[in-house]
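Undergrad: Residue numbers (numbering that gives the first Met the number 0): 0 to 202.
For glycine and all other residues, C-beta sits at the position ideal for the given N, C-alpha and C.
Quantities reported herein were computed from a predicted structural model and do not represent experimental measurements.
Okay, handing you the structure first.
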Amino acid sequence: MQRIRKEISVTQDTVREVIIGLSERVNRKVQTLKLHWRAASLSDQRESVLQELGAYLATLLAQASGLPERDSERQGAEARLVEATTRVRGLKKESMQIDALVRELEADTLREDLVRIQQDLTVRAATLERISVARGSAVLGQPVSQLSLPPATRVVAVCRGPAFLVVDQQLVLRAGDIVILVGPRAELKTVVSQFLEPQRVSA
């Protein structure tokens, strides 16, 4: 009976953790959607402010065409310009804050996904390997299709500077490229040396 109770307790704890995890994930997605909606609203407001300012200035110029400039009109235009600039700056500041919150929520979701992926791979004796292409390495200047990779190992991503490249079989690797490989641990251990400098491999 004690064993059964223990197993039931473990099962209940697992279910509870799953439910909590799902609820947190749903909450993050809801928050992200709300923030995206707010960001779109702020963008519309900025555009509206600029359109109103443009229409006001166009009307003012049309009315003042050929007439001497009056101080009241100039002061009115300056006041509208200052007001519009202040509003746009405020909206931009709020947009930047929202962007930061969205990135934070998306990063949390990404970390959770990466943990799950790593768990899935670990159960299957596989893993992800992040390798930088070194100068003088065997893979330098080679297209992905020509890499000497074990049967179950694949290139899943290549990062070049700020760019995330689509993995194409004809993509040629350059020094400094970050290559993400996935495959069985035993296979990946035999692959790393191809991406290192010759002297490091021999050492």
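Check each candidate in P197, T58, Q96, W36 and name the one with the smallest Cα separation from V138.
TA: Answer by Cα proximity: P197.
Undergrad: Is the CB-CB distance between L266 and V154 below 8 Å?
TA: Nothing in the structure corresponds to residue 266, since the chain is present only between 0 and 202.
Undergrad: Tell me the DSSP bridge mates of I177?
TA: Paired residue(s): S131, C158.
Undergrad: Which one of A156, P161, R184, T121 has the shortest CA to CA distance from P150?
TA: Of A156, P161, R184, T121, the residue nearest in Cα terms is R184.
Undergrad: Would you say the segment 110 to 129 touches the segment 172 to 179, given that touching needs at least three Cβ pairs under 8 Å?
TA: Yes, the segment 110 to 129 touches the segment 172 to 179.
Undergrad: Considering Cα atoms alone, identify which of V143, V101, S192, E111 is closest to K33.
TA: When only C-alpha atoms are compared, the closest one is V101.
Undergrad: For F163, is the classification buried or exposed, using 16 other Cβ atoms within 10 angstroms of its Cβ as the cut-off for buried?
TA: Exposed, by the Cβ-count rule.
Undergrad: Grouping DSSP H, G and I as helix and E and B as strand, with all else coil, what is V171?
TA: Here V171 sits in strand by DSSP.
Undergrad: Which value, in whole angstroms, describes the spacing of the CA atoms of Q234 and A156?
TA: As displayed, the chain neither begins before 0 nor continues past 202, which places residue 234 out of reach and without an answer.
Undergrad: Using the Cα positions of E103 and R86, report the straight-line distance between them to the nearest angstrom.
TA: Each residue's Cα considered, the two are about 26 Å apart.
Undergrad: Thinking C-alpha only, which one of L41, M95, S192 is nearest R134?
TA: Of the listed residues, the one whose Cα sits closest to R134 is S192.
Undergrad: In whole angstroms, what separates the C-alpha of Q11 from that of Q118?
TA: Note on Q11: pLDDT 48, under 50, position unreliable in the model; the coordinate value appears next. Approximately 21 Å, taken between the alpha carbons.
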